[in-house]
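Structure first, then comments.
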Amino acid sequence: MLPHHLEFPKKHEIVILFLALILLNLLGAILYNVFFHPLAKIPGPLACKITRIWLYLAERGGDGANTVSVLHKRYDPTFYDAFKSDHGMLFSFSGVDEHSKRKRLMSPSFSRASEEEHDAILHETIKPVVEELTTSIRKGETIALFPVIRRFALKSIVAFCYGQNPVSPDYMESVIPKLFKVLDESPKALLTLQHFPLIKKTLNHLSATFPTLFPSDIRILPTVGMELLQSSRKSSVQSGLFKQMQSLLKAKDQSLTDGELIAESGTMFFAGTDTTAITVSFALWYLMHQPDNYVRLQDELKTVMPDVNSKASLRELESLPFLEACIKESLRLACPPRGRLPRIVPAEGWEVKGTKLPAGTVVSSCISYIAHDEEIFPEPKKYRPERWLQENSKELEGYFYPFSRGTRSCIGQSLSLAEQRVAIAQVVRRFSPSKDMQFRDIIGSEYVTFVMQDELPVQLEEAR
Numbered sequence: 033m034l035p036h037h038l039e040f041p042k043k044h045e046i047v048i049l050f051l052a053l054i055l056l057n058l059l060g061a062i063l064y065n066v067f068f069h070p071l072a073k074i075p076g077p078l079a080c081k082i083t084r085i086w087l088y089l090a091e092r093g094g095d096g097a098n099t100v101s102v103l104h105k106r107y108d109p110t111f112y113d114a115f116k117s118d119h120g121m122l123f124s125f126s127g128v129d130e131h132s133k134r135k136r137l138m139s140p141s142f143s144r145a146s147e148e149e150h151d152a153i154l155h156e157t158i159k160p161v162v163e164e165l166t167t168s169i170r171k172g173e174t175i176a177l178f179p180v181i182r183r184f185a186l187k188s189i190v191a192f193c194y195g196q197n198p199v200s201p202d203y204m205e206s207v208i209p210k211l212f213k214v215l216d217e218s219p220k221a222l223l224t225l226q227h228f229p230l231i232k233k234t235l236n237h238l239s240a241t242f243p244t245l246f247p248s249d250i251r252i253l254p255t256v257g258m259e260l261l262q263s264s265r266k267s268s269v270q271s272g273l274f275k276q277m278q279s280l281l282k283a284k285d286q287s288l289t290d291g292e293l294i295a296e297s298g299t300m301f302f303a304g305t306d307t308t309a310i311t312v313s314f315a316l317w318y319l320m321h322q323p324d325n326y327v328r329l330q331d332e333l334k335t336v337m338p339d340v341n342s343k344a345s346l347r348e349l350e351s352l353p354f355l356e357a358c359i360k361e362s363l364r365l366a367c368p369p370r371g372r373l374p375r376i377v378p379a380e381g382w383e384v385k386g387t388k389l390p391a392g393t394v395v396s397s398c399i400s401y402i403a404h405d406e407e408i409f410p411e412p413k414k415y416r417p418e419r420w421l422q423e424n425s426k427e428l429e430g431y432f433y434p435f436s437r438g439t440r441s442c443i444g445q446s447l448s449l450a451e452q453r454v455a456i457a458q459v460v461r462r463f464s465p466s467k468d469m470q471f472r473d474i475i476g477s478e479y480v481t482f483v484m485q486d487e488l489p490v491q492l493e494e495a496r
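First residue of the sequence shown: 33, per the working numbering; consecutive thereafter.
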């Protein structure tokens, strides 16, 4: 038997000691965050200083952006005014070199010089929309507006990336419901990966090593991406973003792997489908319930589309002031990107109203905070396109950045705006809303993007 002074602690004593150390460490971290951390003086609820889980729970509930907006107003709203100034270039972005290199590679396909190609793509992909709406009207059916516009947006992105009709129509129609399911479910799932990066790394490793362990729905994006990529290579048509990218790289004896191209297409599907479809659907839904504005837009469109079967060029549509006002107001009200846009404070730090933010601090804001600010946009929840035609419209432009700004602004904004112009123009010029339609608010949730939970049923008539 060991002497008394050499006896080892009992197991339960070791457990208690271990738990006590964890508790002391946790308590020390809480005290440091609340009283001594460089960000301790920034106003906000106590829970924000103790843990990030409060934000995760709010965002998982589909109301993250609104929750933070309410907190801004409750806790010293003037403090956050400093973040509204144009400081975009002060932030140092992660992976600047890589981001710049890829953006330079993709930019030619989104430039004004490619406008003629965009015009041809969009007027081709809008045809099925017109045909579907016409058929439903003649059958006396109620039309689910959002799914129709969503298919147009997705097919436009596919044609833009891979060229016109890279796969058979039957194949495309068979995968569209699966792609939409991924688009519906991913924004909520992405929140978990955003808050817990280790989960993302683990899942990426497992999916690459054991792909068959994961449901087919999860694998649908790379599967469809590969099918589209292989089909486009067999086509003699030299259009399409990826062919142009590879052509530019080939001149430098470089190339992108299939995996890199497929990953890029997945980004395009996510970033370019629902954002555009939601904005167009918002515009049409509100206009269809505002008869005076609908007729006003129809009359303006007749100046470049005298006949219902007319096709106006993108330049002609861009020149129409009320159409542009309707699009801007829809972008402002819908504000499809609802997630926080994180930026990292650079090495020299950043001082905001006397509070020093240390290097490496992640700061973020949502585009919707300013887009729905009642001091800038009176009656922010109302669709009022005329606000963009008033004397102070130039001033409003300074607060309007639905595609963000700076080097990280949306590379596809010109394509998205072109889609919006063509879709809204074709629908409004060719169709009129039934007088029996009743307005109600659009149903949706806020995650990384605004997620539509509403098909937007409408009754339409053929216009003359």
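All residues carry an ideal CB built from backbone N, CA and C; glycine is no exception.
8 angstroms Cβ cutoff met for residue i and residue j
i: glutamine 452; j: threonine 308; result: yes
i: glutamate 332; j: arginine 419; result: no
i: leucine 488; j: leucine 177; result: yes
i: valine 460; j: leucine 349; result: no
i: proline 515; j: threonine 481; result: Coverage of the chain is limited to positions 33 through 496, which leaves residue 515 absent and any answer about it impossible.
i: glycine 272; j: glycine 195; result: yes
i: isoleucine 474; j: tyrosine 431; result: no
i: tyrosine 479; j: proline 254; result: no
i: methionine 484; j: histidine 321; result: no
i: isoleucine 175; j: alanine 315; result: no
i: histidine 155; j: leucine 447; result: no
i: isoleucine 48; j: isoleucine 62; result: no
i: phenylalanine 301; j: isoleucine 189; result: yes
i: leucine 215; j: aspartate 306; result: yes
i: isoleucine 519; j: glutamate 423; result: Beyond the ends of the chain as shown, which are 33 and 496, falls residue 519; an answer cannot be given.
Segment limits, beta strand (DSSP E) that includes residue i
i: leucine 389; result: 387 to 389
i: valine 384; result: 382 to 384
CB-CB length for residue i against residue j, believed under 8 angstroms
i: leucine 352; j: valine 336; result: 7 angstroms
i: isoleucine 153; j: alanine 191; result: 5 angstroms
i: histidine 227; j: arginine 106; result: That pair is no contact at about 23 angstroms.
i: leucine 8; j: isoleucine 231; result: Nothing in the structure corresponds to residue 8, since the chain is present only between 33 and 496.
i: alanine 303; j: glycine 444; result: 7 angstroms
i: leucine 186; j: leucine 211; result: 7 angstroms
Residue i (DSSP reduced to helix, strand or coil)
i: leucine 71; result: coil
i: alanine 114; result: A caution first: alanine 114 carries a pLDDT of 41, below 50, which makes its placement in the model unreliable, though a value can still be read off. Alanine 114: helix per DSSP, three-state reduction.
i: leucine 492; result: strand
i: phenylalanine 471; result: coil
i: isoleucine 158; result: coil
i: proline 465; result: strand
i: proline 417; result: helix
i: proline 77; result: coil
i: proline 198; result: coil
i: proline 369; result: strand
i: alanine 457; result: helix
i: asparagine 424; result: coil
i: aspartate 285; result: coil
i: glutamine 445; result: helix
i: serine 435; result: The sequence given here has phenylalanine at residue 435, not serine. Three-state DSSP puts phenylalanine 435 in coil, outside helix and strand.
i: glutamine 271; result: Residue 271 is actually serine in this sequence, not glutamine. Looking at serine 271 - three-state DSSP - the assignment turns out to be coil, as it is neither helix nor strand.
i: histidine 44; result: helix
i: histidine 150; result: helix
i: serine 124; result: With a pLDDT of only 30 at serine 124, under 50, the local geometry of the prediction cannot be trusted, and the value read off the model is given with reservation. Three-state DSSP puts serine 124 in a strand.
i: glutamine 278; result: helix
Continuous alpha helix (DSSP H) stretch holding residue i: start and end
i: glycine 304; result: 290 to 304
i: isoleucine 408; result: Premise fails: isoleucine 408 is in no alpha helix (DSSP H) and is neither H nor E.
i: valine 336; result: Per DSSP, valine 336 belongs to no alpha helix (DSSP H) and is neither H nor E.
i: leucine 87; result: 85 to 92
i: lysine 266; result: 252 to 266
i: leucine 349; result: 346 to 350
Those residues which DSSP pairs with residue i across a bridge
i: phenylalanine 482; result: Glu478
i: isoleucine 175; result: Val490
i: arginine 375; result: Val395
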